[in-house]
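Here the sequence shown is numbered in the numbering used here, starting from -7 and rising by one per residue. Worksheet: one structure, shown below.
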Amino acid sequence: MRLVPKILLQSLAILAVSAVLALGVNFIRPDGPAPVFAAPSVVQLSKNGGEIGLKDAAMLFITGRAVFLDARSQFEYQLGHVQGAISLPPREFASQYQDIKPRLAGKEAVITYCDGERCPLSHSLAKYLREAGVKNVYVLVNGWSLWLAEKLPIAKGAAAPMSSAAPAASGTSAAPGKSAGRGGICRDCENK
């Protein structure tokens, strides 16, 4: 009978050592999962808007605290876009903004993006949004290329019909990191 407590004690010791080793390995690995007890990452946003880094944009995406607006052409949007992003090219702002406006409410950030470091479309769209009274607007420079490079969630296909009850447009899902377009090339920017 003395054998049972000894076996239980040894089992608990092995379990404790295994847990410590597992946590240690995940702590050291840069791509390891965050521990369950880890505090959620806090994204510090400027109240005046401006540019946002990929890490902060991804955190806002993961936590559902941002809406993404794709400033590229409809054609490029259909080839691939940030999962859940809404297509709103600047040249269509006047005709589409009122339909999209309800979907921006209640979000911590409205993030515009296009493709290419010199693509002005996301900045133009951000300017129109600010002029329309949206205060929490941020630009993810070179957004589409960076998003693809980090293998963050993407989707393909046309936007969902616009209505305040419609879920975020996502089209057909694509495997994260699979190229859904010509990363780095902005069709609308080539003519600018």
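Glycine residues also receive a C-beta, built at the ideal position from the N, C-alpha and C atoms.
Query: Taking all protein chains shown into account, decide if L7 is buried (16 or more other Cβ within 10 angstroms of its Cβ) or exposed.; Result: exposed
Query: Return helix, strand or coil for L132, following the three-state DSSP convention.; Result: strand
Query: Taking 8 Å as the threshold (C-beta atoms), are A63 and L144 in contact?; Result: no
Query: Comparing alpha-carbon positions, which option in P112, L121 and F85 lies nearest V102?; Result: L121
Query: In three-state terms, what does DSSP make of L43?; Result: Looking at the sequence shown, residue 43 is not Leu but Glu. E43 falls in the strand class under three-state DSSP.
Query: What ranges does the alpha helix (DSSP H) occupy inside the stretch 76 to 112, keeping only unbroken runs of at least 4 residues that lie completely in it?; Result: 85 to 96
Query: If you draw a straight line from the C-alpha of G16 to the C-alpha of I44, how long is it?; Result: 32 Å
Query: For my contact list, Q70 and G149 are in at a C-beta cut-off of 8 Å; report their separation, rounded to the angstrom.; Result: 6 Å
Query: Out of curiosity, what's the CA-to-CA distance linking A5 and A58?; Result: 45 Å
Query: Would you kindly check if the distance between the Cβ of L80 and the Cβ of L117 is under 8 Å?; Result: yes
Query: If the criterion is Cβ atoms closer than 8 Å, does the pair E100 and L37 meet it?; Result: yes
Query: Could you give the distance in angstroms between the alpha-carbon of R83 and the alpha-carbon of S114?; Result: 11 Å
Query: With distances taken from CA atoms, which of V126, G98 and K(-2) is nearest G56?; Result: G98
Query: With DSSP as the reference, please indicate the residues paired to H73 in a beta bridge.; Result: A147
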